[in-house]
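Inspection log for the structure reproduced underneath, given as structure tokens.
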Amino acid sequence: MRNINYTILFLSIFLIACKKNNITLSSEKEIYSFVLPMPSPLPYFDGVINNDTITVKVPVGVSLVNITPLIQYAGSSITPSLGTPVNFTQPVSYTVTAEDGSTRRHVVIVSYKSTTKEILDFRFKPSANPILSSDVVGQFINDSSIVVRMPASVNVHTLVPSINHNGVSIDPQGSQITDFSDKVYYTVTAEDGSSKKYNVFQSSNNTVYIGSANGFLYALDALTGQEKWSFNGGQQIGSPIYYQDKIYV
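Numbering (my numbering), first residue to last: 143 to 391.
Written out as structure tokens, the structure is:
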């Protein structure tokens, strides 16, 4: 009986020892923080983690060579290892190894913030301005000025523009009631924080008629001064008069 008791005791101790040594190794392997330190006085730039892709945006002109990122991760090791300078001019792969030996690959993509900041299209649509029968499209007369040739019968104090732009934001925003009886200024801001200002104004008087000593009658754009058409009257022409769709000279 005593031998049987010793056997049972030995088996119990053996099983307990096996349970203690049977430690479950973690399979966790994840980067949860990725930061690029920039030269002074620029700040740090945080990476945006989306599944296995990490994107970092930095200002234009910043060198992407020999940067040592600050990384926080869960796992037993990471390759390239912490403290290693890396060239980020191309996507870089980081592999995190878990305690159980499994691995996970993260791809880091560093790119420059966009400087794009333009109004691409400016118009008034009948859907937002019931007084209009068709779209009234703004015309770019230079790099930062837009003229809208609005019919004289339209109340320009309560118009709602539709604006298509690139960049990250525009102020004031489109699709809101705006008074266009005077110039309206719009500022488009790019991803890198730079901005560009546009002035938008409307005109009902589209054409100016001018007589000339050379015998020509000229029709000029009232805003740009560009010639629309001319007519050779054969003799000196004085100041013309425009009345009910007719020109009297």
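Note that the Cβ used here is the ideal one computed from N, Cα and C, for glycine as well.
Asked                                                                                                              : Found
Runs of beta strand (DSSP E) lying entirely within the stretch 197-240, each at least 3 residues, in chain order   : 212-216, 219-221, 234-239
Val249, enclosing beta strand (DSSP E) - first and last residue                                                    : 245-254
Own chain partners of His307 with C-beta closer than 7 Å, once the 5 adjacent residues on each side are dropped    : Glu260, Ile261, Leu262, Val330
Of the residues Ala361, Met292, Asn229, the one placed nearest Pro268, counting alpha carbons only                 : Met292
Reference Leu178; option with closest CA among Glu333, Phe187, Gly353                                              : Phe187
Of the listed residues Phe176, Ser345, Ile220, nearest to Ile247 (C-alpha basis)                                   : It is Arg, not Ile, that sits at residue 247 in the sequence shown. Residue Ile220 is the option with its Cα nearest to Arg247.
Backbone CA spacing between Phe322 and Ser336 [nearest angstrom]                                                   : 26 Å
Buried or exposed by the 16-neighbour rule on C-beta atoms within 10 Å, applied to Tyr327                          : exposed
Close-in-space but distant-in-sequence residues of the same chain around Tyr384 (CB under 7 Å, 5 per side omitted) : Tyr351
Cβ distance (whole Å) where Tyr174 is taken to contact Ala216 below 8 Å                                            : 7 Å
Beta carbon of Val302 nearer than 8 Å to that of Gln318                                                            : yes
Beta-carbon spacing of Phe358, Asn374 below 8 Å                                                                    : yes
Pair within 8 Å by beta-carbon distance, Thr237 and Thr231                                                         : no
Whole-angstrom C-beta distance between Asp242 and Ser182, which should lie under 8 Å                               : Actually they do not touch by this definition, with Cβ atoms about 42 Å apart.
CB of Gly353 within 8 Å of CB of Val298, strictly                                                                  : no
Cutoff 6 Å; reference Ser372; Cβ partners in own chain excluding five residues on either side                      : Phe358, Tyr360
Host beta strand (DSSP E) of Thr329 (start-end)                                                                    : 326-331
Whole-angstrom distance between Gly225 and Ala240, CA atom to CA atom                                              : 19 Å
Pro303 - DSSP class collapsed to helix/strand/coil                                                                 : strand
Closest by C-alpha distance to Thr257, when choosing among Lys338, Gln378, Lys171, Ser345                          : Lys338
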